[in-house]
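**Student:**
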Amino acid sequence: MEWKVKTFAEITRDELWAIYFARVQTFVVEQKRPYQEVDDVDKKALHIWAEEDGQLLAYARVFHGEDHTSFGRVLTTPAARGKGLGKQLIERVLKEIDEHFDHPRVEIDSQDDKEGFYAKFGFKSVGDVYEFHQTPHIKMILNK
Numbered sequence: 001m002e003w004k005v006k007t008f009a010e011i012t013r014d015e016l017w018a019i020y021f022a023r024v025q026t027f028v029v030e031q032k033r034p035y036q037e038v039d040d041v042d043k044k045a046l047h048i049w050a051e052e053d054g055q056l057l058a059y060a061r062v063f064h065g066e067d068h069t070s071f072g073r074v075l076t077t078p079a080a081r082g083k084g085l086g087k088q089l090i091e092r093v094l095k096e097i098d099e100h101f102d103h104p105r106v107e108i109d110s111q112d113d114k115e116g117f118y119a120k121f122g123f124k125s126v127g128d129v130y131e132f133h134q135t136p137h138i139k140m141i142l143n144k
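Take 1 as the starting number for the sequence shown in full-length UniProt numbering and just add one per residue.
#1: Candidates Met1, Thr69 and Pro78: which alpha carbon is nearest glutamate 99's?
#2: Can the beta-carbon of histidine 47 be found closer than 9 Å to that of lysine 87?
#3: For histidine 137, which residues does DSSP report across the bridge?
#4: By DSSP, does alanine 45 sit in helix, in strand, or in coil?
#5: With DSSP run on the structure shown, which of helix, strand or coil describes lysine 87?
#6: Name the one or two DSSP bridge partners that alanine 58 has.
#7: Taking buried to mean at least 16 other C-beta atoms within 10 Å of its own C-beta, is glutamate 107 buried or exposed?
#8: Measure the CB-CB distance between leucine 142 and lysine 124 and report whether it falls below 9 Å.
#9: Mapping DSSP to helix, strand and coil, what is threonine 26?
#10: Could you name the residues that DSSP lists as bridge partners for glutamate 2?
#11: Spatial neighbours of proline 104 within its chain, please: C-beta separation below 6 Å, excluding the five flanking residues on both sides.
#12: Below 7 Å CB to CB, which residues in the same chain sit around valine 38 once its five sequence neighbours on both sides are set aside?
#13: Does the Cβ-Cβ distance between isoleucine 138 and phenylalanine 117 come in under 9 Å?
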């Protein structure tokens with residue numbers, strides 16, 4: 001398994017296709033949420049993913065917020081689920097944030113059912129659950 005970390009400009013055409021395929025498969029098709037999954041944040045984000053034999057296994061993007069760093073589009077592909085890759089992905093995301101971003105606060109919009117997962121990394125829930133792209137979410141913050 002190989003981890004890749006690239007800006008939008010560094011991603012190859014085939015890598016971009018694999019990223020978009022996995023994101024649409026996960027967030028639009030599996031979760032039955034019709035929304036504009038590809039957006040302008042992609043152009044500004046740092047993209048982090050694991051692949052094996054040319055197959056994308058896990059992915060997330062990291063980007064600057066106004067006064068914080070954020071990440072999202074966190075996924076593991078169906079073939080890679082249940083193997084601890086999500087934990088490895090978040091550990092890698094937090095490492096890349098430390099290396100490439102200067103905001104000490106990390107703020108995410110977590111799907112409500114993933115709140116416990118992010119809490120294991122020190123994230124604290126803030127506020128009430130709200131709808132985002134037809135899915136319950138909660139804001140979570142990690143002060144580094």
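Beta carbons: idealized from backbone N, C-alpha and C, even for Gly. For clarity, every value in this text was computed on a predicted model and none was experimentally measured.
**Tutor:** Taking the structure as given:
#1: Thr69
#2: Judged by their CB atoms, histidine 47 and lysine 87 are not nearer to each other than the 9 Å cut-off.
#3: Gln111 and Tyr130
#4: coil
#5: helix
#6: Ala50 and Thr76
#7: buried
#8: yes
#9: helix
#10: Glu51
#11: Lys144, listed in sequence order.
#12: Excluding five sequence positions before and after valine 38, the CB atoms of its chain that fall closer than 7 Å to its own CB belong to Tyr20, given in chain order.
#13: no
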